[in-house]
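With the first letter of the sequence shown counted as 1, position 264 gets the number 352 in our numbering; the numbers rise by one all the way through.
Glycine is no exception: its CB is placed at the ideal position from the N, C-alpha and C atoms.
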Amino acid sequence: MRKREYDEDDVRVRPGKGSRPRTRIRPAHEDAVEGFVVAVDRGRYTTLVEPERPRGSAQKRKSSPQRRLVVAMKARELGRKGIVVGDRVALVGDVSGRPDTLARVVRVEPRTSMLRRSADDTEDTDGIERPVVANADQLVIVTALADPPPRPRMIDRILVAAFDAEIDTLLCLTKSDLAPPDDLVSLYEPLGVPHVVVHKGGSLEELRDQLTGRISVLVGHSGVGKSTLVNALVPDANRAVSQVNAVTGRGRHTSTSAVALELPAGGWIIDTPGVRSFGLAHVSVETVLAAFPDLIEGTVTCPKGCTHLGDGCALDAWVAAGNADPARLESLRRLLASREGTPDDTP
């Protein structure tokens, strides 16, 4: 799938024939150096500065004197432009990385992808669009098979957001020692979503193979074991872990902000805070529908302007004839309804 590019104001730019995603900064200042944003905290941006773009490589580069963490602030000329984890930026000023020094971000490189979510009405924020991470090329949806139970509608919503951002997806099913994965796997096999199955103390080799050499963002609701996975994949990550509440069946948030962590074998994972909702107000109806290829053919005979939510939608007859799983149509309609403000916070 051809990746879209984003200009400095996040307006999607159609790549020309044979074009490649831009990987090097065109410095806003002649003396600017390139940085890769690994953490954001209250207007301070921790960036990794090194000679080459920080994608995965088996070569160990930590001994290089040129490789360092630099804390920076946003230059005034950038105005209200946001900077998120995964951004590639141009830095000027004191880029030594010494304690108590502060550089300036003077440019944000055009993004090859931007994963977003919209706050839904359960958060009382009027559908505000929230950037999650920039420049990821794979989204790993982490969900537990039990304790807490899986939430297929949440998975669907995150898949739609990834589809909109044109990011590859991977379903990571945890706690397989507590419940079998078969039912959940069969639900997503028709969509071609790859998956890996893991459990605490088990082998992570299959997952590592999927992550090596890529920039992957891990997303999942609280309590699914995401932080435990991160600590196993990156031994010095020291991400806090939590227990699931026995009453609500939910975990509490232990990661409070996104952070990029380098994998020992090459590649990056971006750990994100646990989410309890994943709004889609920023995604069009057409994009939502396109994320359900098993249903698209059934919309051919829908009346003009069909919302696929009410009477007259041809999808009802299509599914009744056995052409698709009724659960998929139900999930599609919940997604479409949630764009209009209907809460979607149930399993």
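DSSP, read as helix, strand or coil, puts V376 in helix. Shown here for V347: same chain residues with a beta carbon closer than 6 Å to its own, the five before and five after excluded, namely A127, D359 in chain order. DSSP places E385 within a helical segment (H, G or I) once states are collapsed to three.
Secondary structure of T316 (DSSP, three-state): helix. In terms of Cα proximity to P238, the closest of Y276, V221, D188 is Y276.
8 Å or more divides the Cβ of V121 from the Cβ of V193. Contact between L233 and P278 fails: their C-beta atoms lie close to 19 Å from each other, not under 8 Å. G181 sits away from T262, with the two beta carbons spaced by 8 Å or more.
With 16 or more other Cβ atoms from the protein chains shown falling within 10 Å of its own Cβ, S419 counts as buried. For P219, the pairing in a beta bridge is given by DSSP as R204. Between V172 and V230, the CB-CB gap reaches or exceeds 8 Å. Straight through space, the alpha carbons of S304 and F251 are spaced by roughly 15 Å. Within the region 393-430, the complete alpha helix (DSSP H) segments of 4 residues or longer fall at 403-408, 414-427, listed in chain order. Q226 has D256, S304 as its beta-bridge partners, per DSSP. For L233, the secondary structure class from DSSP, reduced to helix, strand or coil, is coil. If the five residues before and after V228 are omitted, its C-beta is found closer than 6 Å to the C-beta atoms of L258, C260, S304, L306, all from its own chain and listed in chain order. Counting only residues of its own chain and dropping the five nearest sequence neighbours on each side, R416 has a CB closer than 7 Å to the CB of F380, D382, L383.
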